[in-house]
Amino acid sequence: MTLIVLDVLSGILLVAGALFLLSGAVGLLRFPDFYTRIHAVGVTDAVGAGLILLGLLLRTTGWETGIRLVIILFFMALTSPTATHILAHAARRDGVRVWRKGDPRR
Amino acid sequence: MTQLNSENPLAERRRRPWVNAVRSLLRMAPVPALFWLALSGHYDPLLLTLGAVSVVVVCWLIRRSGLAHHGLTLPFALRLPRYCLWLSGQVFITACVVVRKVWSPRMDLRPVVEPTPAADLSERSLVVYANSITLTPGTLSLAVHDDSIEVHSLKAADIDALDEGAMLSRVRRTEARR
Amino acid sequence: MILLVVMVALLVAMILALLRAFLGPGLYNRILAINNFGTKTVLFIAVVGFLFGRPEFLDIGILYALVNFVATVAVLRLTHYKELLSGSGSKGGE
Chain V
107 MTLIVLDVLS GILLVAGALF LLSGAVGLLR FPDFYTRIHA VGVTDAVGAG LILLGLLLRT
167 TGWETGIRLV IILFFMALTS PTATHILAHA ARRDGVRVWR KGDPRR
Chain D
371 MTQLNSENPL AERRRRPWVN AVRSLLRMAP VPALFWLALS GHYDPLLLTL GAVSVVVVCW
431 LIRRSGLAHH GLTLPFALRL PRYCLWLSGQ VFITACVVVR KVWSPRMDLR PVVEPTPAAD
491 LSERSLVVYA NSITLTPGTL SLAVHDDSIE VHSLKAADID ALDEGAMLSR VRRTEARR
Chain Y
311 MILLVVMVAL LVAMILALLR AFLGPGLYNR ILAINNFGTK TVLFIAVVGF LFGRPEFLDI
371 GILYALVNFV ATVAVLRLTH YKELLSGSGS KGGE
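Protein chains in written order, with the numbering used here: chain V, 107 to 212; chain D, 371 to 548; chain Y, 311 to 404.
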């Protein structure tokens, strides 16, 4: 019984994660400039990855795979905002202009 | 010759406090050791020896690169999970807003760049705060100054929400020692 | 079954990220797309490991996550050095 509940729950998490992932990828293509695209990537990195890894975590059998998933999750939560911040900071210092409403796409 | 001279004081400083070095090693070792034990799964004497050697090398590298004072203290680590839970809820809510913007046929984006106050934070809290801002979709920390963080946001309301300081007060509460 | 659906979604998302990396005007859009591609690769490795019943793949996933972060930082350091060497800063987002 609990097995079925776990299976359904992990299925919901996985599908929701996949939807967030696709939304992030579409946003990466659709958004008008570099800084706004970072927000789309943030959706993928934070929510999509988190939901998919949690969904996989509910399907693990041994503690070793579970701990690896937790480590990947922890590591991503730590590094992805750091990398994003470094990237945005470098772009800002390099003079990439911020897109305002009404500007052409770039 | 000049190189030798410049290296000498460093060697002096390192040779003198042996006790200090060993103590800092013991303080740093548990985290990499636990990491190694969790990932390895094999516990022969040979592999355990290699693991111990790698832990010592990692600690030496951390000390050498001058990052030793950035360690996690136990109370901070104990208060962190609660903050992480709250943060993941926040991330989920804001992500839904951004996803709606992605799929709406006419994207209504009004990006703004403004500083938000972040005064009187320790270095560690500042890192936690800036990373939290970046991690929530819709806001992005561009540059970290001493008493403020420059934030790029998809709409001005997000920065106003930051200025109200719900996240900031939670970061402060996580840092404070009682 | 669900794992297969997630895998296909991941593949589509990876293709979209690659498209942005090819199109992307300027250096920073490309780095962003490649970083995102790396994140998706880690997820892909994890999902495929579960699909084939070989969770040992997760070790590779951890390694890839590490390399992805270090590579992004290293590329940024390199471009910064180039900018320093050439004297005047080149506009990245042309």
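Just so it is clear, CB atoms sit at the ideal spot from N, CA and C, and this is done for glycine as well.
Quantities reported herein were computed from a predicted structural model and do not represent experimental measurements.
- Residues of chain Y whose Cβ lies closer than 8 Å to the Cβ of Leu162 (chain V) are, in chain order, Ala356, Val357 and Phe360.
- Linking Asn390 (chain D) to Leu409 (chain D) through their CA atoms gives a straight-line distance of about 30 Å.
- For Glu484 (chain D), the beta-bridge partners assigned by DSSP are D:Val521.
- Residue contact check for Asp113 (chain V) against chain D: no CB pair falls below 9 Å.
- Beta-bridge partners of Thr509 (chain D) (DSSP): D:Ser523.
- In this structure, the beta-carbon distance from Glu520 (chain D) to Arg198 (chain V) falls below 9 Å.
- Measuring C-alpha to C-alpha distances from Leu125 (chain V) to each of D:Glu545, D:Thr544 and D:Val469 identifies D:Val469 as the nearest.
- DSSP places Val204 (chain V) outside both helix and strand once states are collapsed to three, so it counts as coil.
- Neighbourhood of Ile178 (chain V) in chain Y, by CB distance below 8 Å: Val352, Ala356, Leu368, Gly371, Ile372 and Ala375, in chain order.
- Counting along the chain, the unbroken alpha helix (DSSP H) around Ala356 (chain Y) starts and ends at Leu337 to Leu361.
- If you draw a straight line from the Cα of Phe367 (chain Y) to the Cα of Ile432 (chain D), it is about 29 Å long.
- By the criterion of at least three beta-carbon pairs nearer than 8 Å, the segment 512-529 of chain D is not in contact with the segment 323-331 of chain Y.
- In this structure, D:Leu407 is the residue among D:Leu407, D:Pro415 and D:Leu510 with its C-alpha nearest to the C-alpha of Trp169 (chain V).
- Beta-bridge pairing by DSSP links Val514 (chain D) to D:Ile519.
- By the Cβ-count criterion, Leu353 (chain Y) is buried, with 16 or more other Cβ atoms from all chains shown falling within 10 Å of its own Cβ.
- Residues Gly156 and Leu159 of the same chain have their beta carbon placed closer than 7 Å to that of Leu179 (chain V), with the five preceding and five following residues left out of the count.
- Counting the other CB atoms within 10 Å of its CB gives Pro481 (chain D) a total of 16 or more, which places it among the buried residues.
- For Leu164 (chain V), there is no enclosing alpha helix (DSSP H), as DSSP marks it with neither H nor E.
- Taking a beta-carbon distance threshold of 9 Å, Leu184 (chain V) counts as an interface residue toward chain D.
- Less than 9 Å separates the beta-carbon of Leu342 (chain Y) from that of Leu134 (chain V).
- For Arg174 (chain V), at least one C-beta of chain Y is nearer than 9 Å to its own C-beta.
- Here DSSP, grouped into helix, strand and coil, assigns Ala152 (chain V) to helix.
- Straight across, the Cα-Cα distance linking Thr464 (chain D) with Arg393 (chain D) is about 44 Å.
- For the segment 497-518 of chain D, residues whose beta-carbon sits nearer than 7 Å to a beta-carbon of chain V comprise Ala500, Asn501, Thr504, Leu505, Pro507, Gly508, Leu510, Ser511, Leu512 and Ala513.
- Contacts with chain D at 9 Å (Cβ-Cβ) include Ser129 (chain V).
- For Asp200 (chain V), a Cβ of chain Y is located within less than 9 Å of the residue's own Cβ.
- When DSSP states are grouped into helix, strand and coil, Met324 (chain Y) belongs to the helix group.
- Using a Cβ-Cβ cut-off of 9 Å, Asp209 (chain V) does not count as an interface residue toward chain Y, since no Cβ of chain Y sits closer than that to its own.
- Taking CB atoms only, Glu520 (chain D) has a neighbour in chain V less than 9 Å away.
- Of D:Ser474, D:Leu479 and D:Trp473, the smallest CA-CA separation from Gly208 (chain V) is found for D:Leu479.
- Taking the CA atoms as reference points, Pro335 (chain Y) sits about 20 Å from Gly148 (chain V).
- The Cβ atoms of Val498 (chain D) and Thr443 (chain D) do not sit closer than 9 Å to each other.
- Residue range Trp169 to Arg199 is occupied by the alpha helix (DSSP H) that includes Met182 (chain V).
- Asp478 (chain D) sits in coil when the DSSP states are folded into three classes, being neither helix nor strand.
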